[in-house]
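In terms of my numbering, the sequence shown opens at residue 1040 and continues consecutively. Notes follow the structure.
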Amino acid sequence: MPPASSSWAIRTVKLRKHYRGGQGIQQVSLQVPRGSIYGFLGPNGAGKTTTIRLLLGLLQPEYGSIELLGQSLQARPNVLAKVGALVEAPSLYPHLSGRRNLEITQRLRGVARQRVADVLDITRLAAAADRRVGEYSLGMRQRLGIALALLGSPELLILDEPTNGLDPAGIADLRQMLHKFAHDSGITILVSSHLLAEVEQIATHVGILHGGELRFQGSIDELRRHSTSRVRLLCSPPEQAATWLNQNGFSCATGTTDSWLTIAAESRQVPRLIQHLFDAGVTVQDLALEQSSLETMFFELTGDPTTAKEVA
């Protein structure tokens, strides 16, 4: 039985939005579990930002429905008060301090003043709170943007490409923060990105958008089960092993400089496979299971090597 609507932080049904020139999204049905970190993946132009703008009520869908935290966005737009968001670059006043930027939004939203100090601590900006934002690094500006999104104590946080322009240290810092939000506060996080390796390190669930269509959605483990598993075997003699494997329906590739063979096979097949090779006069000296990277799995789902390189 599928989970009830309240089990989803975000649930869309057949969401559609088109633009002139053919860009947009079609039939996008997101299911983001509460408490998850959901990596929303796709190359630039796939429709990620369009989807996010629809979720935040900044665009209206041509067709489909949107539920946030168990409530219909169309029927109860006030549910957005429970949502924090950072879409593209944060809008900041560079001549004011970080604290003053937060205080302006705090007053506009009617949030308790103490919340400013809270989010400065959460985003590790307390020491720089009274510096002008114009003096902040790009990573500090991104953290301030996230602090603004957290002012209302949201249950759902939506971040659109938050690592854009950040150096490796800034990306690692942001990753640690997001883990902390999800673990300590139970905030559900949807983070869009074209950086597969980054999402692989942080997400519990992923949705892969390609050409405006959702090609896959589920947990990281489900995505791995969806992909083709590979086993590497060190055999002697390798030629005899390769001949037997190919004759018995296994896709087998041989290394050019060593005796390792790479086989498309599930891990559960390995014990019987080794026994069959032994019976055929082949000795298996070593083996290794290869887990597909998110980049490899993305390519398998989209079948587009150009896109796979773009999102690497």
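All C-beta atoms, glycine included, are put in the ideal place defined by N, C-alpha and C.
8 Å Cβ cutoff met for residue i and residue j
{"i": "L1326", "j": "L1272", "result": "yes"}
{"i": "G1137", "j": "L1177", "result": "no"}
{"i": "L1095", "j": "A1124", "result": "yes"}
{"i": "K1056", "j": "L1093", "result": "yes"}
{"i": "V1071", "j": "T1202", "result": "no"}
{"i": "I1197", "j": "I1091", "result": "yes"}
{"i": "C1274", "j": "S1290", "result": "no"}
{"i": "S1075", "j": "H1315", "result": "no"}
{"i": "A1188", "j": "L1159", "result": "no"}
{"i": "A1166", "j": "Y1175", "result": "no"}
{"i": "I1302", "j": "R1269", "result": "yes"}
{"i": "Q1062", "j": "G1084", "result": "yes"}
Cβ neighbour criterion (16 or more within 10 Å) applied to residue i
{"i": "I1049", "result": "buried"}
{"i": "F1317", "result": "exposed"}
{"i": "L1328", "result": "exposed"}
{"i": "H1249", "result": "buried"}
{"i": "P1082", "result": "buried"}
{"i": "T1322", "result": "exposed"}
{"i": "R1180", "result": "buried"}
{"i": "L1097", "result": "exposed"}
{"i": "L1147", "result": "exposed"}
{"i": "D1223", "result": "exposed"}
{"i": "G1184", "result": "buried"}
{"i": "H1233", "result": "buried"}
{"i": "R1115", "result": "exposed"}
{"i": "A1043", "result": "Only weak support exists for where A1043 lies, its pLDDT of 47 falling under 50; the value from the coordinates is given anyway. The residue is exposed, with fewer than 16 neighbouring Cβ atoms inside 10 Å."}
{"i": "I1143", "result": "exposed"}
{"i": "R1152", "result": "exposed"}
{"i": "D1169", "result": "exposed"}
{"i": "E1194", "result": "buried"}
{"i": "H1134", "result": "exposed"}
{"i": "A1304", "result": "buried"}
{"i": "P1310", "result": "exposed"}
{"i": "G1173", "result": "exposed"}
{"i": "P1344", "result": "At P1344 the pLDDT is 47, less than 50, meaning the model places this residue with poor confidence and gives no usable figure here."}
{"i": "R1029", "result": "The structure shown does not extend to residue 1029, since the chain is modelled only from 1040 through 1351, so no value can be given for it."}
{"i": "P1207", "result": "exposed"}
{"i": "P1276", "result": "exposed"}
{"i": "Q1324", "result": "exposed"}
{"i": "Q1145", "result": "buried"}
{"i": "G1060", "result": "exposed"}
{"i": "G1288", "result": "exposed"}
Cβ separation of residue i and residue j, assumed to be a contact under 8 Å, to the nearest whole Å
{"i": "T1051", "j": "S1104", "result": "7 Å"}
{"i": "V1238", "j": "G1086", "result": "At roughly 17 Å, the Cβ-Cβ gap does not stay under 8 Å, so V1238 and G1086 are not in contact."}
{"i": "G1191", "j": "V1150", "result": "6 Å"}
{"i": "D1199", "j": "T1088", "result": "6 Å"}
{"i": "L1300", "j": "A1319", "result": "Actually they are not in contact, since the Cβ atoms of L1300 and A1319 sit about 13 Å apart, beyond 8 Å."}
{"i": "K1053", "j": "Y1102", "result": "6 Å"}
C-beta neighbour in chain C for residue i, strict 8 Å
{"i": "E1239", "result": "No chain C appears in this structure, which consists of one protein chain only."}
contact_flag[the stretch 1212–1221, the stretch 1139–1156] where n(CB pairs < 8 Å) is 3 or more:
no
Kindly provide the ranges of any beta strand (DSSP E) runs that are 3 or more residues long and lie completely inside the stretch 1103–1158, ordered along the chain.
1122–1126
Return the chain-ordered ranges of every beta strand (DSSP E) run that is complete within the stretch 1238–1294 and spans a minimum of 3 residues.
Given a length threshold of 3 residues, each whole run of the beta strand (DSSP E) inside the stretch 1238–1294 is given here in chain order: 1244–1249, 1252–1258, 1269–1275 and 1291–1293.
Count Cβ pairs between the stretch 1108–1123 and the stretch 1242–1262 that sit closer than 8 Å; are there 3 or more?
no
Could you tell me whether the stretch 1058–1067 touches the stretch 1222–1236, using the rule of 3 or more Cβ pairs below 8 Å?
Judged by Cβ distances under 8 Å, the stretch 1058–1067 makes no contact with the stretch 1222–1236, as fewer than three pairs qualify.
Just list the alpha helix (DSSP H) runs in the stretch 1175–1214, keeping only unbroken ones of 4 residues or longer that don't cross its boundaries, in chain order.
1177–1189
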